[in-house]
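Colleague:
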Amino acid sequence: MADYRGSLGVTDRFEVAVRLFGQHRELVGESVISVEFHAGGTVADLRKTLAAHPVLGAALDGAAVALNRTYQPDDAPVREGDEVAVIPPVAGG
Amino acid sequence: MTVAGSVRGSEPPAGVLVAEVTRDELDGADLLRRLGSQSDGAVLVFEGRVRDHNSGREVVALHYDAYREMADDVLREIASEALQKSGASSIGVRHRVGSLAPPCVSLVVAVAAAHRRPAYEASSYVIEELKRRLPLWKREEYADGTSRWLGGRTPPVSQPDPVPSTGRELG
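In structure tokens, the structure reads:
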């Protein structure tokens, strides 16, 4: 069955593909996880959803969230189609 | 968001020769040769290298992972800010990813400026900022076969406030 929900806006739920890196990717064993999300939700809501993940949930201390390749505050809205990434503490150089 | 949107995209901003994350081998001297003009009295290159020890343990490799698409954007922003803040005239930054053994070069920052002070300032700014906000991670592998992801910093949500160009005093 075709997934018509997002494009027609007949439901307020959608799937978000969350990209993982570094220790998160290694822990989870995936570079992307899919989480169900709701319209009007924020980065803070996404954090709560991720905190319930059986593996990732315990490893989110100090992590940032990037939407569309920009670090975002907890009150930023997450929209369908956003490029979403969880960023563990960074260590370049 | 106060993102420096103007420097996002495929083209480096003015004065930024290159700012990218790459799997390729790095060569600071080559980057330095491509920078600067006759009005630049100071040129310098910084190379960050993989060292063979950390916290008393023998290191045999560093494995770098990056959010490549975002990291290129962030590096361009940082390089552009470095020029604006220091008054240096041109800059090139490359950060390597993949598995690197000592003494491989993991980072090069090359700067050209009219005087020494803006050159040092720009170079230092790039390194400090990329440690703060470049989406890149490293796992250290030890001689005993174990490894661990190195602790890092939580990147800030907002970019630093724009600062007028300074550093144009004689160096």
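Each protein sequence line maps, in turn, to chains E and F.
Numbered per my numbering, the first sequence spans residues 1 to 93.
Numbered per my numbering, the second sequence spans residues 1001 to 1171.
Glycine included, C-beta positions come from ideal geometry on N, C-alpha and C.
1) With 8 angstroms as the C-beta to C-beta threshold (strictly closer), list the residues of the segment 1080–1104 of chain F near chain E in chain order.
2) Confirm, please, whether the CB-CB distance from VAL1043(F) to LEU1031(F) is below 8 angstroms.
3) Straight-line CA distance for PRO1118(F) to SER1086(F)?
4) Could you name the residues of the segment 1107–1141 of chain F whose beta carbon sits closer than 9 angstroms to any beta carbon of chain A, in the order they occur along the chain?
5) Nearest-angstrom Cα distance between LEU1017(F) and GLY40(E)?
6) For a quick check, are the C-beta atoms of GLU83(E) and ASN68(E) less than 8 angstroms apart?
7) What is the DSSP secondary structure of VAL1157(F), counted as helix, strand or coil?
8) Measuring only the C-alpha atoms, how far is ASN1054(F) from TYR1064(F)?
9) Helix, strand or coil: how does DSSP classify LEU67(E) here?
10) Does the beta-carbon of LYS1138(F) have 16 or more other beta-carbons within 10 angstroms, so that it is buried, or is it exposed?
11) Does any residue of chain F have a CB that is nearer than 8 angstroms to the CB of ALA66(E)?
12) Answer with yes or no whether the minimum CB distance from ILE33(E) to chain F is below 8 angstroms.
13) State the Cα-Cα distance for the pair ALA1014(F) and GLU1121(F), rounded to the nearest angstrom.
14) Would DSSP call GLY1098(F) helix, strand or coil?
15) Could you list which residues in chain F have their beta carbon closer than 8 angstroms to that of PRO88(E), in chain order?
16) Could you check if GLU1069(F) is buried or exposed, using at least 16 other CB atoms within 10 Å of its CB as the buried criterion?
17) Interface residues of chain E around GLU1069(F) at Cβ under 7 angstroms?
18) State yes or no: is the C-beta of ALA76(E) within less than 8 angstroms of the C-beta of THR49(E)?
19) Counting contacts by CB-CB distance shorter than 8 angstroms, is ALA91(E) in contact with chain F?
20) Let me confirm a value: GLN988(F) is counted as buried when at least 16 other C-beta atoms fall within 10 Å, else exposed. Which label applies?
21) Please tell me whether, using a cut-off of 7 angstroms, the distance from the CB of ASP12(E) to the nearest non-hydrogen atom of the ligand GDP is below it.
22) Taking the alpha carbon of LEU1026(F) as the reference point, which residue from TYR1067(F), LEU1075(F), VAL1097(F) and GLY1056(F) has its own alpha carbon closest?
23) Any idea if ASP1073(F) is buried or exposed, counting beta-carbon neighbours within 10 angstroms, 16 or more meaning buried?
24) Who are the Cβ neighbours of LEU1075(F) in its own chain at under 6 angstroms, not counting the five residues just before and after it?
25) Can you tell me where the beta strand (DSSP E) with HIS1063(F) in it begins and where it stops?
26) Strictly below 8 angstroms CB to CB, what residues from chain E border GLY1174(F)?
27) Buried or exposed for GLU1129(F), going by 16 or more other Cβ atoms inside 10 Å?
28) DSSP puts SER1090(F) in a beta bridge; with which residues?
Modeller: Judging by the given coordinates:
1) HIS1095
2) no
3) 5 angstroms
4) This model lacks chain A altogether, as its protein chains are E and F.
5) 41 angstroms
6) yes
7) coil
8) 16 angstroms
9) strand
10) buried
11) yes
12) no
13) 18 angstroms
14) strand
15) TRP1137, TRP1149 and GLY1152
16) exposed
17) ARG69
18) no
19) yes
20) Nothing about residue 988(F) can be read from this structure; chain F reaches only from 1001 to 1171.
21) Absence of the ligand GDP from the depicted structure is noted, as is the absence of any ligand whatsoever, leaving it without description.
22) VAL1097(F)
23) buried
24) ALA1019 and VAL1093
25) 1057–1066
26) With chain F running from 1001 to 1171 in the structure shown, residue 1174(F) is simply not present.
27) buried
28) ALA1112(F)
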